[in-house]
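Heads up, the thing below is written out as structure tokens.
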Amino acid sequence: MNFVLKPLFITLFIVLTVMGQKESSTLPSPLESSMMISVTVGGAFVVTGSFPASITERVDQFITRIYAQAVQSFNKDVPQKRREAFFGGVNLSDEEMNLFEFSQRGITLIRSNGEKFIIDLAKFRLNGDFTNNPYLKNDDVIIFPVLQLEKNFFSIEGAVNQPGLYQYVSGDRLSDALELAMGINPAYENVSEVSISRLSYDGENEEIFKFKITDNPPLNVGDRIMVLSEETERKDFKVYLMGEVNKPGYVFITKNNTTLKDVIKRAGGFKSGADLSRAELIRGVNVFKNILFTEEFENMMMMRMANITDEDSLSFTIDNKLRFARGNGIIDFHSILDENSNEGNFIVKDGDVIFIPERLNLVYVFGQVKKPGYIDYMQGEPYSYYIDKADAKGEMAKDEIYVIKGQSRTWLEVTEKQKIDIEPGDYIWIPKEIPRTFDYYMDRITMVSSVVGTLATLILIILQVAK
720 MNFVLKPLFI
730 TLFIVLTVMG
740 QKESSTLPSP
750 LESSMMISVT
760 VGGAFVVTGS
770 FPASITERVD
780 QFITRIYAQA
790 VQSFNKDVPQ
800 KRREAFFGGV
810 NLSDEEMNLF
820 EFSQRGITLI
830 RSNGEKFIID
840 LAKFRLNGDF
850 TNNPYLKNDD
860 VIIFPVLQLE
870 KNFFSIEGAV
880 NQPGLYQYVS
890 GDRLSDALEL
900 AMGINPAYEN
910 VSEVSISRLS
920 YDGENEEIFK
930 FKITDNPPLN
940 VGDRIMVLSE
950 ETERKDFKVY
960 LMGEVNKPGY
970 VFITKNNTTL
980 KDVIKRAGGF
990 KSGADLSRAE
1000 LIRGVNVFKN
1010 ILFTEEFENM
1020 MMMRMANITD
1030 EDSLSFTIDN
1040 KLRFARGNGI
1050 IDFHSILDEN
1060 SNEGNFIVKD
1070 GDVIFIPERL
1080 NLVYVFGQVK
1090 KPGYIDYMQG
1100 EPYSYYIDKA
1110 DAKGEMAKDE
1120 IYVIKGQSRT
1130 WLEVTEKQKI
1140 DIEPGDYIWI
1150 PKEIPRTFDY
1160 YMDRITMVSS
1170 VVGTLATLIL
1180 IILQVAK
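This note's numbering applies: residue 720 is where the sequence shown begins, and numbers increase by one.
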């Protein structure tokens, strides 16, 4: 008798193990893993119908799998040009565009025994609460609601970690919105209230309600929530120092109170080889850090009411590009650490760059000289000294000589009446005499003759008419 009962008990155990699909947080057995079940997907999902599933799969895993298979099938079946159109975001039908969007909230799970559950995959993916991600059972039906964020939504902004537009589900409260927005942003202090903007059905009237967060009021479709807090100005303000300071690199500053003197002191002061006459504080013009404040926009604003000639317009465009690229503070760095000077009280801003170059005891001569290059600076020596050191002018040199100042890049033409002091870092440039051929002069003569002939003809015509 025992010999007969033993196989019966084993068989009964296996049947009960396979058929007893109960809700459990423990993983199913290997035998259960080998069993396949049927799950039906309906509503507004990528694909609908009945699909095989493993008894070990939860809703999120199953949905993710068949979604990925549908997308892969789409990419194979749709012609290349249409797939390119999809990735470019144009020329796809609404049906094809909706293929890649589905509701993650308000999903209905119906068991074969008639039980119904409302599942919120969006919440599960945020907080890992498995009540929103149960195991599947045979003949389960999953129904997806239509996703219409332009109509069926609420939005949340302000002092939250993930502001944005979210799908509204009947029964939502403020706590649901805060959960989906990943909670209060810890950067903000004393956050205790929200305001809710609620429009009338025609969208032309607005009511604004204020609530304590602890009130947890119910939400209506279309509510716009603002989590109230004063904007924090606790930000990563800093400037960058490079060159001849003892501690180059970033220096942390306040929003509007750190002076240039403070920054230089925190950087350990200047090195002995610093050239303070060529030191610069460089500030980007886009101090508002706004994408609407662009170089193109600035140029249009500048030119809107300008009354300059085309030649001046080109020159202005160059100057304006340089202004936009880098706005320099006019500062005498020699006096920054002087307690009796106001130069050090210049207020630095986030993103400023302070460049302290090494003392360059050289003058650069180039252009039409036989040996262009750097020449040691000699105090008091005129420009001609450096030209001689460069082995004098070349045969094609013009008579003009220009001194370009090292810091400002200002051009000064050398004349007999004007004495120009040469300083370390200056440039001396001698332009080239452009060779002119016979054809060049003939072209010029022809042009002048044509103009003179035209004027003479006009004069004769006028004289004849006057008679």
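C-beta atoms are modelled at their ideal positions from N, C-alpha and C, and glycine is treated no differently.
Beta-carbon proximity list for Tyr854, same chain, < 6 Å, skipping 5 on both sides
Arg777
Beta-carbon spacing of Val860, Gly761 below 8 Å:
yes
Which same chain residues end up closer than 6 Å to Phe764 when comparing Cβ atoms and leaving out the 5 residues on each side of it in sequence?
Phe821 and Phe863
Considering only residues of the region 926-1010, which uninterrupted alpha helix (DSSP H) runs meet the minimum length of 4 residues and lie entirely inside it, listed in chain order?
979-985
Alpha-carbon to alpha-carbon, Thr933 and Gln780
35 Å
Residue range of the alpha helix (DSSP H) that includes Tyr1104:
Tyr1102 to Lys1108
Helix, strand or coil for Tyr1093, going by three-state DSSP, please let me know.
strand
In chain order, what residues of the same chain have a beta carbon less than 7 Å from the beta carbon of Ile1139, not counting five sequence neighbours either side?
Tyr1102, Val1122, Leu1131 and Val1133
State the start and end residues of the unbroken beta strand (DSSP E) segment that holds Phe843.
Phe843 -> not in any beta strand (DSSP E); alpha helix (DSSP H) instead, spanning Leu840 to Asn846.
Simplified DSSP state of Thr1134, which is helix, strand or coil:
coil
Residue range of the beta strand (DSSP E) that includes Glu912
Glu912 to Leu918
Anyone know if the C-beta pair for Ala896 and Gln881 falls short of 8 Å?
no
Could you tell me the distance, in whole angstroms, from the CA atom of Ile1181 to the CA atom of Val1167?
21 Å
Quick one: what's Thr827 bridged to in DSSP?
Ile837 and Ile862
Tell me, please, which residues DSSP counts as bridged to Gln886.
Phe872
Under 8 Å by Cβ, that's how I've got Pro1076 and Glu963 pegged, so tell me the actual separation to the nearest angstrom.
7 Å
Below 6 Å CB to CB, which residues in the same chain sit around Leu1262 once its five sequence neighbours on both sides are set aside?
Residue numbering for the chain in the displayed model covers 720 to 1186; residue 1262 lies beyond these limits and cannot be assessed.
To which residues of the same chain is Asp1095 closer than 7 Å at the C-beta, ignoring the five residues directly before and after it?
Asn1080 and Leu1081
For chain B, is any of its Cβ atoms less than 8 Å away from the one on Phe821?
Given the protein chain composition of this structure (a single chain), no chain B is represented.
Other residues of its chain near Tyr907: CB distance less than 7 Å, five sequence neighbours each side excluded:
Ala878, Ser948 and Thr951
Looking only at its own chain, which residues have a Cβ that is under 7 Å from the Cβ of Asp858, when we skip the five neighbours before and after it?
Ser757 and Ser831
My assumption, with CB atoms under 8 Å, is that Ile1106 sits in contact with Val1084. Please give the rounded CB distance.
6 Å
Tell me the rounded alpha-carbon separation between Gln740 and Lys856.
For Gln740, the pLDDT reaches just 44, beneath the cut-off of 50, and the residue's location in the model is therefore unreliable, although a value from the coordinates is still provided. Whole-angstrom Cα-Cα distance: 7 Å.
Is it buried or exposed for Leu938, if we count other Cβ within 10 angstroms and need 16 for buried?
buried
For Phe1016, is the classification buried or exposed, using 16 other Cβ atoms within 10 angstroms of its Cβ as the cut-off for buried?
exposed
Rounded Cβ spacing between Val970 and Val958 (contact assumed at less than 8 Å):
5 Å
Burial state of Ile972 (16 or more Cβ within 10 Å):
buried
Put Lys1151 into one of helix, strand or coil per three-state DSSP.
strand
Which of helix, strand or coil DSSP assigns to Phe1052
helix
In the DSSP output, what is Arg1208 paired with across the bridge?
Any answer about residue 1208 is impossible in this case: the structure gives the chain only from 720 up to 1186.
Below 8 Å, can you find three or more Cβ-Cβ pairs linking the region 1055-1066 to the region 978-989?
yes
Tell me the rounded alpha-carbon separation between Lys1151 and Ala1175.
38 Å
With H, G and I counted as helix, E and B as strand and the rest as coil, what does DSSP make of Leu735?
Note on Leu735: pLDDT 41, under 50, position unreliable in the model; no value is reported.
Could you give the distance in angstroms between the alpha-carbon of Ile826 and the alpha-carbon of Asn794?
27 Å
If you reduce the DSSP assignment to three classes, tell me which class Ala763 lands in.
coil
Measuring alpha carbon to alpha carbon, tell me which of Ile1027, Phe872, Asn1064 and Asn965 ends up nearest Gly890.
Phe872
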